[in-house]
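J.:
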Amino acid sequence: MRAVRRFMANRGALVGAALVLLLVVLSVLPHGDPLAPHIDRGLSAMGAPLPPSGDAFLGTDHLGRDVWARICAGATTSLELATLSTLLALALGLSVGLTAGYAGGWVDSALMRLVDLVLAFPFLLLAILLAALLREADLAGGSAPVVLTIGICGWTSMARVIRGKSLSLARSEHVLAARALGASPLRIVVRHVLPNIAGIVIVVTALGFAQNLLAESVLSYLGLGPPPPAPTWGRMLYEGRAYYRTAPWLSIAPGVAVLTAVVAFNLLGDALRDLLDPKGPRR
Amino acid sequence: MKWLLVLLVACNVDRGPHWRPRDASTLRFSTHQQVSTLDPTIAYDEVSVWIAHSLYDTLVDYAPGSTELVPRLAERWEISPDGRRYHFWLRPGIAYADGRPIVAADFETSFQRTLARPDSPFQQYLAGVDHVAIVGDRELEITLKHPDATFLYVLGMPFTTPLRADHAGDLRRDPLASGPYMLDSWDEGQRVVLRKNPHYFDPSRTRVERLEMLENVPRDTQFLMFEKGELDAAENLAAADYLWVIEQPAWQPYVHSAPQMNAFGIRMNVREKPFDDRRVRQALNYALDKQHTVKLLNGAAVASHGVLPPGMFGRDDTLKPYPHDPAKARALLAEAGYPHGFEIDYVTISDEEGETTAASIQADLAEVGVRVHITPMSLSAYVSAVSRPDGPAFSIASWVADYPDPSNFLDPRFHSRAIGSTNDSYYANPELDAVLDAAHAEADPARRAAMYHRAERILYDDAPWVWNYHREMTEVDQPYVRGYVPHPVWGRDYTSTWLEAPR
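As given, the protein sequences belong to chains A and B, one line each in that order. Here the numbering used here is used: the first residue of the first sequence is 9, the next is one more, and so on. Here the numbering used here is used: the first residue of the second sequence is -10, the next is one more, and so on.
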């Protein structure tokens, strides 16, 4: 109950949580078909996108599709892809981080050099390379290449944080005690290390989630996201950019959506860090 | 907040028309493609042919803004009653850019060069020529093996330009100009500059001293440069730019769209399932909403019922495009054994038009249960994929004619003789072949037109393509570009243009 009260007292946490809730509601709420062109009313007589009106409250795009429906459907895509890629990154980051932290020694050095190697690559270059390779390999299924790309690029920072934390835990007294009692390394990691780093894992995950959401938009903008006509915010931004003078809503709507989502998860992540950090100030 | 507003306003400065030419002697424009060669025997892509047409004159040519043939290097001609002998009298005083006269034998030289060059795409056009007789310096007679109603059009193509046998340079870079312009400089992939040919017989066709064509300029860049006044004309505008410029009162008088000799649609490999069934092909024709496509192209297109564009001789104007009728399409699909539709890959070209039309095709066909996966490809990848017999069975198709005659649309695309080259639908119909062959030799225009009506009808019913639209060229000029008339065959035609600030 105290945690809830502290959470409610944190304004950033509240705003973040509210925005996240809003996104989730948007993505599950029934909305128009994001693919259906409004054949009769989606475009002006000249074939121009229609401005926001009662009919389509965020206007229509260059193919006459309802921008609001696409924003909502884009929320589904974004949340889905960000969740999947974060889970992948988490799985990789946890296993590498825990192994390196607990084992220490040369295993630690080897794994951390691997992390350095991946981190040394600029994210975009690596992502473009991976996305292109995965697409070429025809791992198709639409969004699989995106999830893999982001997951593979995003696990390193998690691995680092988790490794640091578990390194110190591995030398703590209760772990020493468990080892003295004959517990297997797996049991120690799962029962004695993991619960103690759960807080930091949650925080890193929430922050990573925001980053992955942004990464998904970037890849879609570059044309490396789920193939069209899948509605994604990044692709909407890309398609709308040419119309910045005649139909600015095509850029503004997805831009605001990306901004909101990233801010929401960042706020939530920050708030969780404040809450879960035992050394942090108690308000 | 205030600085944000200032920023927004600053980004939105209204760049209106430029009223005064920077340099009245040079007309500057651009292309998103690149010139591959200046050799008239070889040049076949759109921009290379355009440059070739400015550099090289031919016996006959088209009148400004029309498809009517007029004498050019020839002064007049006579065709024998049996339609096999063409006798030309050359215009007096015609000369190459180096000042040496053009003589009748130079035309034969160019024919021989075409036939001797295996890399020339034009040999097929000379297949009907039996022999060429030279009568002195100013007369020549071309004898055909069979009468051919389209032969004069062939003589309007730049590859038939006179070429001197003793020209030492490489024509690819060192052209022997006989046309209104000659080469000034060519920085390959960057820009081609043409300047007035001082020995040209008709100075009224070169009112602008120099033409400067920038190569490899993407469409949106082209428009930005045009707005900044760095280009005098911009064509084939991106949809967003076209919509912008057409809505601006200051620009409106200088925006035009002009019909071109082209056809766009979806080609189907009629040898492959499910397109081997005519009902499937018809169903897709009913499923596609062509009026919506036209709207997507900002009205700069006409819905089509076949490949012959409006105004083309032999076009059957009583045929109307397949109506948008999803119910009928579903019924036909069910009849053909696809009650639940099917899945199919659609290969398109990854430019704005190719992707926009693909999205609308995908949405329209989804309505009748056909699930389309879009594969965008670069133009070169597309061309090599589609030319393989095992290549994609369902893809965007377009055809731009070399000369304004129905035979140049129907024969290359649908005659069984062209299977393996330009007939990539693998469509073979002996009845259509017979009609096309007969029409090719027919001299009487009325009877010829009736034959092409028949051919159009056959293709309409058999539907080897999903007929979609004929594209118009959109264009905007600075106000000081005067006297410009777009040409249905050549597109840009600056032979009557001059640059002068409007009063």
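Beta carbons are placed, not taken as given, at the ideal position from N, Cα and C, and that holds for glycine. All figures in this text were calculated on a predicted structure; none of them were measured in a lab.
Is there a Cβ of chain D sitting closer than 8 Å to that of B:Ser349, yes or no?
T.: The chain inventory of the structure shown lacks chain D, comprising the protein chains A and B.
J.: When burial is assigned at 16 or more other CB atoms within 10 Å of the CB, is B:Arg402 buried or exposed?
T.: buried
J.: Go through its chain and collect everything with a Cβ distance to B:Ala86's Cβ below 7 Å, but skip five positions before and after it.
T.: Ala166, Met171, Asn186 and His188
J.: Taking Cβ positions only, does B:Asn225 come closer than 8 Å to chain A?
T.: For B:Asn225, the answer is no, since every Cβ of chain A falls outside 8 Å of its Cβ.
J.: A:Gly263 to A:Arg243, Cα distance in whole Å?
T.: 11 Å
J.: Give the residues of chain B in contact with A:Pro239, contact being defined as C-beta atoms less than 9 Å apart.
T.: In chain order: nothing, as chain B lies at least about 12 Å away.
J.: Identify every run of the beta strand (DSSP E) within the stretch 134 to 198 of chain B, keeping only runs that are complete inside it and at least 3 residues long; order them along the chain.
T.: 170 to 176 and 180 to 185
J.: May I have the straight-line CA-CA distance separating A:Pro239 from A:His70, to the nearest angstrom?
T.: 14 Å
J.: Closest to A:Glu181 by CA distance: which of A:Arg168, A:Ile196 and A:Thr85 is it?
T.: A:Ile196
J.: If you run the structure through DSSP and keep just helix, strand and coil, what is B:Trp479?
T.: coil
J.: Just reading off the alpha helix (DSSP H) that B:Phe100 is part of, what are its end residues?
T.: Ala94 to Ala105
J.: Under a CB-based cut-off of 8 Å, is A:Gly55 close to chain B?
T.: yes
J.: Using 8 Å as the cut-off, can you tell me whether the stretch 269 to 280 of chain A makes contact with the stretch 202 to 220 of chain A, which would need three or more C-beta pairs spanning the two stretches below that distance?
T.: Yes, the stretch 269 to 280 of chain A touches the stretch 202 to 220 of chain A.
J.: Against chain B, with Cβ distances strictly below 8 Å, would A:Thr85 count as a contact?
T.: A:Thr85 is outside the set of residues whose beta carbon lies under 8 Å from a beta carbon in chain B.
J.: For B:Ala41, which residues from the same chain have a beta carbon less than 6 Å from its beta carbon, with the 5 sequence-adjacent residues on both sides left out?
T.: Once the five neighbours on either side are set aside, the close Cβ partners of B:Ala41 are Pro29, Ala32 and Pro147.
J.: Would a C-beta distance cut-off of 8 Å place B:Arg471 and B:Thr486 closer than the cut-off?
T.: yes
J.: Which residues in the same chain have their Cβ closer than 6 Å to the Cβ of A:Ile47, if we skip the five residues on either side of it in sequence?
T.: The pLDDT assigned to A:Ile47 is 48, lower than 50, so where the model puts this residue is not dependable; a value taken from the coordinates is nonetheless given after this. Cβ within range, chain order: n/a, list empty.
J.: Do you know how far the Cα of A:Val266 is from the Cα of A:Val226?
T.: 10 Å
J.: Go ahead and pull the three-state DSSP assignment for A:Ile47.
T.: At A:Ile47, the pLDDT of 48 sits below 50, so the modelled position is not reliable and the matter cannot be decided from this model.
J.: Let me make sure I understand the geometry here. Which of B:Pro468, B:His135, B:Ala439 and B:Lys317 has the alpha-carbon closest to that of B:Phe302?
T.: Measuring from the Cα of B:Phe302, the nearest candidate turns out to be B:Ala439.
J.: Could you check the C-alpha separation between B:Asp391 and B:Glu324 for me, to the nearest Å?
T.: 40 Å
J.: Hey, B:Arg460 and B:Ala290: beta-carbon distance below 8 Å or not?
T.: Between B:Arg460 and B:Ala290, the gap from beta carbon to beta carbon is short of 8 Å.
J.: Would B:Pro310 pass as a contact of B:Val357 if the rule is Cβ separation under 8 Å?
T.: no
J.: So which of B:Pro393, B:Ala427 and B:Glu445 has the shortest CA-CA distance to B:Ala52?
T.: B:Pro393
J.: Pick helix, strand or coil for A:Met54, following the three-state DSSP scheme.
T.: coil
J.: Starting from the beta carbon of B:Ile385, find every residue of chain A whose beta carbon is closer than 9 Å, and list them in chain order.
T.: Ordered by position in chain A, no residue passes the 9 Å Cβ test against B:Ile385, which lies about 15 Å from the chain.
J.: Out of A:Leu184, A:Ala90 and A:Ser259, which has the shortest C-alpha to C-alpha gap to A:Val201?
T.: Nearest of A:Leu184, A:Ala90 and A:Ser259 to A:Val201, Cα basis: A:Leu184.
J.: Taking the beta carbon of B:Leu62 as the centre, do at least 16 other beta carbons fall within 10 Å, making it buried, or is it exposed?
T.: buried
J.: If you follow the beta strand (DSSP E) that A:Ala255 is in, where does it begin and where does it stop?
T.: Careful: A:Ala255 lies outside any beta strand (DSSP E) and carries neither H nor E.
J.: When the Cα of B:Glu445 is compared with those of B:Tyr231, B:Arg304, B:Thr139 and B:Asn397, which residue comes out closest?
T.: B:Arg304
J.: Pull up the distance between the alpha-carbon of B:Val372 and that of A:Trp163, whole angstroms please.
T.: The alpha-carbon atoms of B:Val372 and A:Trp163 are separated by roughly 41 Å.
J.: Check whether the Cβ atoms of A:Ile136 and A:Leu232 lie closer than 8 Å to each other.
T.: Cβ distance < 8 Å, so A:Ile136 and A:Leu232 count as in contact.
J.: Establish whether the CB of A:Leu51 and some CB of chain B are separated by less than 8 Å.
T.: yes
J.: Quick check: the Cα distance between B:Pro238 and A:Phe273, rounded to an integer number of angstroms?
T.: 46 Å
J.: Does any CB atom of chain A fall closer than 8 Å to the CB of B:Leu104?
T.: no
J.: B:Tyr398 by DSSP, collapsed to three states: which one?
T.: Looking at the sequence provided, one finds Phe at residue 398 of chain B rather than Tyr. Three-state result, B:Phe398: helix.
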